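The structure under discussion appears below in the form of structure tokens.
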Amino acid sequence: MDFAFFAVHFGYSKSDYNALTPRERAFILKAYETKTVNESTLLRDAVFNAINNAIRKKGKAFRKLWKKAPRLISDEEFENNKDIVYEVEKKEGKNWAAELMRRNRNG
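Counting from 372, one number per residue, gives the positions in the sequence shown under the numbering used here.
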């Protein structure tokens, strides 16, 4: 039974399957289980989102399936940006942030 599963799902030959240790088989099966659970969870969330968007009240905004995540920066990039901010504060004072916020509010 196990060999048939590995042959169908992963394309293993009999020699490939016999070369695996029981621990390797267990890890492969666990990874396959995790992949299956993740795919079914994604499908469930997509269907749930589609149904909610289809039956939403008139004028209510669509609910997005994916939320934008902020881009992570490296420690080096963070330090460079921090140094730039300190330089600007030395030259122009600390009111640059308030000016930036005022400009963003006014468009």
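Heads up, the beta-carbon is just placed ideally off N, CA and C, and yes, glycines get one too. Treat the numbers as computed from the prediction; the structure is a model and nothing was measured.
Helix, strand or coil: which one does DSSP assign to LEU391? For the purposes of this step, residue 391 is taken as residue 20 along the sequence shown, with counting starting at 1. The answer is coil: DSSP assigns LEU391 none of H, G, I, E or B.
Are the CB atoms of ASN420 and LEU436 nearer to each other than 8 Å? One-based indexing of the sequence shown puts residue 420 at position 49. One-based indexing of the sequence shown puts residue 436 at position 65. Cβ distance < 8 Å, so ASN420 and LEU436 count as in contact.
Where do the ends of the alpha helix (DSSP H) carrying TYR457 lie? By one-based count along the sequence shown, residue 457 stands at place 86. Its alpha helix (DSSP H) spans residues 446-463.
In three-state DSSP terms, what is SER386? Position 15 of the sequence shown, counting from 1, holds the residue named residue 386. Correct three-state label for SER386: helix.
Assign PHE449 to buried or exposed, taking buried as 16 or more other Cβ atoms, counted over all protein chains shown, within 10 Å of its Cβ. The sequence position of residue 449 within the sequence shown is 78, counting from 1. With fewer than 16 neighbouring CB atoms inside 10 Å of its own CB, PHE449 falls in the exposed class.
What's the C-alpha gap between ASN477 and SER411? Start at 1 with the first residue of the sequence shown, and residue 477 comes out as number 106. Start at 1 with the first residue of the sequence shown, and residue 411 comes out as number 40. One Cα belongs to ASN477, the other to SER411, and the distance between them is close to 45 Å.
Within 10 Å of its beta-carbon, does PHE374 have 16 or more other beta-carbons around it, so buried, or fewer, so exposed? As a first step, residue 374 is located in the sequence shown; it is residue number 3 there, counting from the start. So PHE374 counts as exposed.
If you draw a straight line from the alpha carbon of THR392 to that of VAL456, how long is it in whole angstroms? Taking the first residue of the sequence shown as 1, we reach residue 392 at position 21. Taking the first residue of the sequence shown as 1, we reach residue 456 at position 85. Rounded to whole angstroms, THR392 to VAL456 spans 56 Å at the Cα level.
Just to confirm the assignment, what range does the alpha helix (DSSP H) spanning ASN477 have? Locating residue 477 in the sequence shown gives position 106, counting from the first residue. Per DSSP, the unbroken alpha helix (DSSP H) holding ASN477 starts and ends at 467-477.
Simplified DSSP assignment, three categories, for LYS406: Your numbering for residue 406 matches position 35 in the sequence shown. Reduced to three states, the DSSP call for LYS406 is helix.
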